[in-house]
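Number of protein chains: 2
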Amino acid sequence: MDTIEALTDSLKLLSDKTRLTIMALLKERELCVCDIVDILETTQPNISQHLRKLKLGGLVNETRKSQWIYYSLNVSDKPYLQGIMDQLPSMKEKLANRTNQSCN
Amino acid sequence: MDTIEALTDSLKLLSDKTRLTIMALLKERELCVCDIVDILETTQPNISQHLRKLKLGGLVNETRKSQWIYYSLNVSDKPYLQGIMDQLPSMKEKLANRTNQSCN
DNA sequence: TGATTATATCAGCATATGATTATATAATTG
DNA sequence: CAATTATATAATCATATGCTGATATAATCA
Numbered sequence: 001m002d003t004i005e006a007l008t009d010s011l012k013l014l015s016d017k018t019r020l021t022i023m024a025l026l027k028e029r030e031l032c033v034c035d036i037v038d039i040l041e042t043t044q045p046n047i048s049q050h051l052r053k054l055k056l057g058g059l060v061n062e063t064r065k066s067q068w069i070y071y072s073l074n075v076s077d078k079p080y081l082q083g084i085m086d087q088l089p090s091m092k093e094k095l096a097n098r099t100n101q102s103c104n
Numbered sequence: 001m002d003t004i005e006a007l008t009d010s011l012k013l014l015s016d017k018t019r020l021t022i023m024a025l026l027k028e029r030e031l032c033v034c035d036i037v038d039i040l041e042t043t044q045p046n047i048s049q050h051l052r053k054l055k056l057g058g059l060v061n062e063t064r065k066s067q068w069i070y071y072s073l074n075v076s077d078k079p080y081l082q083g084i085m086d087q088l089p090s091m092k093e094k095l096a097n098r099t100n101q102s103c104n
């Protein structure tokens, strides 16, 4: 696949509000699926499917820790995305103001 | 509009193969619509509509020069896109190997 | 082992998006 | 002014995409 097509594939992954917000959240720290569901106030299948796309696109890693699956950023080998990652706003507040801390 | 939504809007514009190729072409030099139609071998309305989106998104400028409308990059004020713009492959060959030079 | 919790997958739906054909507008030129 | 060339817009269609509800899988724990 040529460079431009590969680039559009990466950019497609980032050009969705939910996925880009997930990337912003993971910039703070690794999170499990239920963390993200809780913070973004959407359904679990929705987040699961977005995470699958990000994983297939090589933008995130997953690690199982007993019953939880933690996702983390995997962008260090994509320097051309650095500018975008840097532009993402801080999600510290979102991570702090959790209502449902059931998931940890 | 919040930062993330603004960012996704920019990224949506770049996450289409035709539009990203147009951006790569314009990185070489400004071009008129018929240049781009000729190089990308698609229809004129198709290119026109992509250019309109890029213009509305503030990624390109247009200038009329008598009957031709020239488009040029307008990304210097978006440093977070620099990494992507740098990643675009050279289009020098595409610009040189024009079959139909009717449009100039 | 049965219940619970965390996550993934599937099917369906509604909307968004890119491409095409047809048509309109605008500038140029004979 | 009529014909031509360059570009834009509109209508339509097919496909892609995101979200939801239902269900499956996997791990934990009583």
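Same order as they appear, the protein sequences are chains A and B. Terminal number for the first sequence in the UniProt record's numbering: 104, no gaps in between. Terminal number for the second sequence in the UniProt record's numbering: 104, no gaps in between. A virtual CB, placed ideally from N, CA and C, is assigned to each residue, including glycine. Just so we're clear, the structure is a prediction, and the values are computed from it rather than from any experiment.
Answer with yes or no whether the minimum CB distance from residue i to chain A is below 8 Å.
i	result
residue 45 (chain B)	no
residue 16 (chain B)	yes
residue 80 (chain B)	yes
residue 53 (chain B)	no
residue 87 (chain B)	yes
residue 12 (chain B)	yes
residue 42 (chain B)	no
With a CB to CB cut of under 7 Å and the five nearest residues on each side skipped, what residues in its chain are close to residue i?
i	result
residue 58 (chain B)	74
residue 98 (chain B)	38 and 39
Skipping 5 residues on each side, what residues in its chain have a beta carbon closer than 8 Å to that of residue i?
i	result
residue 19 (chain A)	13, 50, 53 and 54
Anyone know if the C-beta pair for residue i and residue j falls short of 8 Å?
i	j	result
residue 11 (chain A)	residue 71 (chain A)	no
residue 94 (chain B)	residue 39 (chain B)	yes
residue 22 (chain B)	residue 36 (chain B)	yes
residue 33 (chain A)	residue 15 (chain A)	no
residue 79 (chain B)	residue 24 (chain B)	no
residue 83 (chain A)	residue 87 (chain B)	no
List the endpoints of the continuous alpha helix (DSSP H) containing residue i.
i	result
residue 16 (chain A)	No alpha helix (DSSP H) holds residue 16 (chain A); DSSP gives it neither H nor E.
residue 85 (chain A)	82-87
Excluding five sequence neighbours on each side, which residues of the same chain lie with their C-beta closer than 6 Å to the C-beta of residue i?
i	result
residue 7 (chain B)	none
residue 61 (chain B)	72 and 74
residue 28 (chain A)	91 and 95
Compare the C-beta of residue i against all C-beta atoms of chain B and say whether one is closer than 8 Å.
i	result
residue 35 (chain A)	no
residue 84 (chain A)	yes
residue 5 (chain A)	yes
Within the region 29-78 of chain A, note down every full alpha helix (DSSP H) run reaching 4 residues or more, in order along the chain. Every alpha helix (DSSP H) of 4 residues or more that sits fully in the region 29-78 of chain A is shown, in chain order, as 33-40 and 44-56.
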